[in-house]
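Numbering (this note's numbering), first residue to last: 420 to 717. In this text, a Cβ means the ideal position worked out from N, Cα and C, and glycines have one as well. Here the structure is laid out as structure tokens; the discussion comes afterwards.
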DNA sequence: TCATTTTTTCCTGATT
DNA sequence: AAATCAGGAAAAAATG
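Written out as structure tokens, the structure reads:
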């Protein structure tokens, strides 16, 4: 009955490290922050911490963190609308936010407003600190990811999950009044038909949704997973261990591995969320019960 | 708290 | 040889 994970203590394999994109280097609840020499942190604190000085990349980081924190599916907002640096971000009005991100904009606006005034203290500090740690690599990254080739399918990604948003932060929207208590706050970008959509998704995403969202957000996906056949829903893990680490991060489980993640994936076969693709390693295919991955699926 | 569903962990064995 | 794939079992987590 007793399980000892002596061999799981650290990251499973060396290959995991090499796969780990700087972007996704695990953000643990910064335990060592507090125990760290203040001088060390201070340097980073003053500059990296303040949203005004964020790079575009850090803006993305913040976006991702904020959405995660509120359990909002990343596909529900067009990331390319936030291809701005910290300075620009901070100069955006409430309206700008709602225009850029629909209803989620309110939340984002509130978040960034808080950060501006708090000077970046709090949890974000930790997050941003982590990212500044790997800054050099990150910058390489952001360069290589800047030119997104195809924004179009960011949009096609959203529908279902969008609905959890209201559920998870209605208060934020309501309590944001200061700037515009007005009409423009209701220009949510819902695409006409509010048809038979089931808002079932409880909280965070399930594994398959997590995978789908990575695929659907190229700008958040620095070569982690790639479509093999977009129209058939066939995809392949390029950096299996990195994806596992990312999944682990989401689940707050630092010992996640591809081995374990793949077991969960295999359970999807029976439920027809995934279809088996044999012969090809690291290749999976969405099944009839997987929703929201098609380009024409909205 | 309970029941059910999903995910995690571990493992043995097969494949590539 | 090292990774992956396959699933069974069972525990743990997440959800309603």
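Asked, Found
"Assess, as a yes-or-no matter, whether the stretch 519-528 is touched by the stretch 470-479 under the definition of 3 or more beta carbon pairs within less than 8 Å.", "no"
"By the 10 Å Cβ neighbour count, where 16 or more other Cβ atoms means buried, how is residue 648 classified, buried or exposed?", "exposed"
"With respect to the alpha helix (DSSP H) encompassing residue 515, which residues constitute its N-terminal and C-terminal limits?", "513-520"
"Look up residue 702 in the DSSP assignment and give the residues it is bridged to.", "655"
"When DSSP labels each residue in this structure, what does residue 691 get in the three-state scheme?", "coil"
"Between residue 655 and residue 693, is the Cβ-Cβ spacing less than 8 Å?", "no"
"Rounded to a whole number of angstroms, what is the C-alpha to C-alpha distance between residue 534 and residue 699?", "46 Å"
"Are residue 482 and residue 498 closer than 8 Å when you measure CB to CB?", "yes"
"If you draw a straight line from the alpha carbon of residue 530 to that of residue 506, how long is it in whole angstroms?", "15 Å"
"Here's the rule I'm using: 16 or more other beta-carbon atoms within 10 Å means buried, otherwise exposed. How should residue 673 be labelled?", "exposed"
"Look at the alpha carbon of residue 691 and the alpha carbon of residue 706, and state the distance between them as a whole number of angstroms.", "5 Å"
"Using alpha carbons as the reference points, say which of 470, 679, 643 lies closest to residue 658.", "643"
"Kindly identify the DSSP beta-bridge partner or partners of residue 648.", "653"
"Where residue 511 and residue 668 are concerned, what is the direct C-alpha to C-alpha distance, given to the nearest angstrom?", "30 Å"
"Buried or exposed: which applies to residue 695, given that a residue is buried once 16 or more other Cβ atoms fall within 10 Å of its Cβ?", "exposed"
"In whole angstroms, give me the CA-to-CA distance for residue 461 and residue 652.", "At residue 461 the pLDDT is 35, less than 50, meaning the model places this residue with poor confidence; the figure from the coordinates comes in the next sentence. About 47 Å."
"Leaving aside the five residues before and after residue 704 along the sequence, list all residues of the same chain whose C-beta is less than 7 Å from its C-beta, in chain order.", "651, 652, 653, 693, 694, 696"
"Rounded to whole angstroms, how far is the Cβ of residue 663 from the Cβ of residue 686, which I believe are closer than 8 Å?", "In fact, because the Cβ distance is near 16 Å, the residues do not count as touching under 8 Å."
"Can you give me the Cβ contacts of residue 633 inside the same chain, cut-off strictly under 8 Å, excluding the 5 residues immediately before and after it?", "639, 640, 643, 644, 662, 665"
"Ends of the alpha helix (DSSP H) at residue 632?", "626-635"
"For the alpha helix (DSSP H) that contains residue 642, what are its first and last residues?", "Here residue 642 belongs to no alpha helix (DSSP H), and DSSP marks it neither H nor E."
"When you compare only the Cα positions, how much space is there between residue 714 and residue 473?", "33 Å"
"Cβ atoms of residue 626 and residue 683: under 8 Å apart, would you say?", "yes"
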